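Worksheet for the structure shown next.
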Amino acid sequence: LELDIEPKSEPLLLGIDLGGTKILAAVANPHGKVLAREYSATPAQKGPEAVVQAILETAHRTLAKAGITTAHLAAIGVGAAGTSNPHTGIISYSPNLPGWKDIPLRDIVEGELGVKTFVGNDANAAALGELYFGAGRGARNLVYVTLSTGIGGGIIIDGKLYTGKSGAAGEVGHMTIDVNGLRCRCGNIGCWETLASGTALAGEARRRISEGAKTTILARVRGDIKRITAQTVHEAAREGDALASELIAQTGYYAGVGFVNLINIFNPEVIIIGGGLSNMGNMLLEPAMKVVEERTFRAGREAVRLAIAQLGDDSGVLGLAALALQKMNEYT
Ligand SMILES: [Zn+2]
Numbered sequence: 086l087e088l089d090i091e092p093k094s095e096p097l098l099l100g101i102d103l104g105g106t107k108i109l110a111a112v113a114n115p116h117g118k119v120l121a122r123e124y125s126a127t128p129a130q131k132g133p134e135a136v137v138q139a140i141l142e143t144a145h146r147t148l149a150k151a152g153i154t155t156a157h158l159a160a161i162g163v164g165a166a167g168t169s170n171p172h173t174g175i176i177s178y179s180p181n182l183p184g185w186k187d188i189p190l191r192d193i194v195e196g197e198l199g200v201k202t203f204v205g206n207d208a209n210a211a212a213l214g215e216l217y218f219g220a221g222r223g224a225r226n227l228v229y230v231t232l233s234t235g236i237g238g239g240i241i242i243d244g245k246l247y248t249g250k251s252g253a254a255g256e257v258g259h260m261t262i263d264v265n266g267l268r269c270r271c272g273n274i275g276c277w278e279t280l281a282s283g284t285a286l287a288g289e290a291r292r293r294i295s296e297g298a299k300t301t302i303l304a305r306v307r308g309d310i311k312r313i314t315a316q317t318v319h320e321a322a323r324e325g326d327a328l329a330s331e332l333i334a335q336t337g338y339y340a341g342v343g344f345v346n347l348i349n350i351f352n353p354e355v356i357i358i359g360g361g362l363s364n365m366g367n368m369l370l371e372p373a374m375k376v377v378e379e380r381t382f383r384a385g386r387e388a389v390r391l392a393i394a395q396l397g398d399d400s401g402v403l404g405l406a407a408l409a410l411q412k413m414n415e416y417t
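Note that the numbering used here numbers the sequence shown so that position 211 is 296, with each residue one more than the last.
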């Protein structure tokens, strides 16, 4: 993959990942090497103005730690969960940030720091991060899927992030899988995320236990069914709990059903799987692969591989650095 950067100058990038509890920032070089990272708590309850101040403060602290000033930065990428418009730079809504409605984050950051700034959705950015620096290196077409509390995604077509008309593309977690299924937090029925996310897995464990299923999961949460998480189920499965293994296999099956749709629609070279559930490895992926083998068109199936995301905890900040890098190259 050509990065279109002159070898003499090494423009640095600042990625700022705005989460509901933490603001993470990192200075990276164009090869994805992190030179400095810093974080602070998100003062989400104090409203947008306080959060913006915390973003700027974290940015300055990260630059100081890297021993650079804004003059060394080629571009900044800033992102949050939720809906942001890459064309206007406005974050219209974020589920983790109360009171955030139509905040022109790009213009605020660009105005305060004096560096070209781009905004993006966190999962979209993570897709670019994997394309430039992780499991997608060398690919031209890929779909990134984060199996986490919910399911997020990012679509790369011909080496570029596909964002759609209004920046809302890539919401793979909300494709309808079961028209008669459970209500999703988005309001729709039977979204993929109601069947293959960590929340879905924990919910299914609670349901089965309430029906009287025998398992060691309950002992792990000292009998408090509300405390069951995907992690609890994973731990139980690793120690041989039959119900836990069955539930993870079922989640893997539904993950696979979503992959089938993505493969048939996009014919990608790779589907990159990130998020907490990707730590379940083959327990989750084998049943997913089986569905892919059974249900995809042959041309799509033969072209694709499933891969685990490689950027881990840096996927947000490196993804946003990659977003800045790609956008900057488009503008120069
Ligand atoms: Zn939904």
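Beta carbons are placed, not taken as given, at the ideal position from N, Cα and C, and that holds for glycine.
These numbers come from a predicted model, not from an experiment.
Simplified DSSP state of Ala407, which is helix, strand or coil
helix
Do you know offhand how far Glu379's Cα is from Gln395's?
27 Å
Please report the residue range of the alpha helix (DSSP H) in which Gly283 lies.
Gly283 to Ser295
Chain-ordered list of residues that sit, by beta carbon, closer than 5 Å to a heavy atom of ligand 1
His259, Cys269, Cys271, Asn273 and Cys276
Go ahead and label Ala149 buried or exposed: buried means 16 or more other beta carbons lie within 10 angstroms of its beta carbon, across all protein chains shown.
exposed
CB-CB under 6 Å to Gly235, same chain, minus the five flanking residues each way: which ones, in chain order?
Gly258, Glu278 and Ser282
Does Arg305 come out as helix, strand or coil in the three-state DSSP assignment?
helix
CA-CA distance, Lys93 and Gly117?
Unreliable placement is indicated for Lys93, whose pLDDT of 44 sits below 50; no coordinate value is reported for it.
Within this structure, are the beta carbons of Asp27 and Ile176 separated by less than 9 Å?
Here the chain covers residues 86 to 417 and nothing more, so residue 27 does not appear.
Taking the alpha-carbon positions, what's the Ser330 to Met368 distance?
7 Å
Taking the DSSP output, what are the residues bridged to Gly237?
Thr231
Bridge partner(s) assigned by DSSP for Glu123:
Ala110
If Leu99 sits next to Leu158, beta carbons under 8 Å apart, how far is it from one beta carbon to the other, in whole angstroms?
5 Å
By how many angstroms is the C-alpha of Trp185 removed from the C-alpha of Ser251?
18 Å
Three-state secondary structure (DSSP) of Lys93
Interpretation of Lys93 is limited by its pLDDT of 44, a score under 50 that renders its predicted location unreliable; no figure is taken from the coordinates.
In terms of residues, what are the limits of the alpha helix (DSSP H) holding Phe218?
Asp207 to Phe218
Euclidean distance between Cα positions of Phe421 and Gly288:
What the structure shows of the chain is the stretch from 86 to 417, and residue 421 is not part of that stretch, so it cannot be assessed.
Can you tell which of Ile153, Asn181, Ala156 and Gly152 has the C-alpha that lies nearest to the C-alpha of Ala165?
Asn181
DSSP-derived helix/strand/coil call for Ala178:
Per the sequence presented here, residue 178 reads as Tyr, with Ala not at that position. DSSP places Tyr178 in strand when its eight states are reduced to three.
Look at the Cβ atom of Leu232, then the Cβ atom of Ile241, and state whether they are nearer than 9 Å.
no
Do Gly397 and Lys375 have their CB atoms nearer than 9 Å?
no
With a threshold of 6 Å on Cβ separation, who are the neighbours of Ser179 within its own chain once the five nearest residues in sequence on each side are excluded?
Ala165, Ala166, Gly167 and Trp185
If the criterion is Cβ atoms closer than 9 Å, does the pair Val468 and Arg146 meet it?
This structure gives no information on residue 468, because the portion of the chain shown stretches from 86 to 417.
C-alpha gap between Val137 and Ala327, whole angstroms
47 Å
So Asn170 is in the alpha helix (DSSP H); what residue range does that whole segment cover?
Not the alpha helix (DSSP H): Asn170 falls in the beta strand (DSSP E), residues Thr168 to Asn170.
With distances taken between CB atoms, is the gap from Thr143 to Ser125 smaller than 9 Å?
yes
Could you check which residue in Leu103, Ala285 and Glu354 has the C-alpha nearest to that of Asn424?
A question about residue 424 goes unanswered here, because the residues of the chain that appear run from 86 up to 417.
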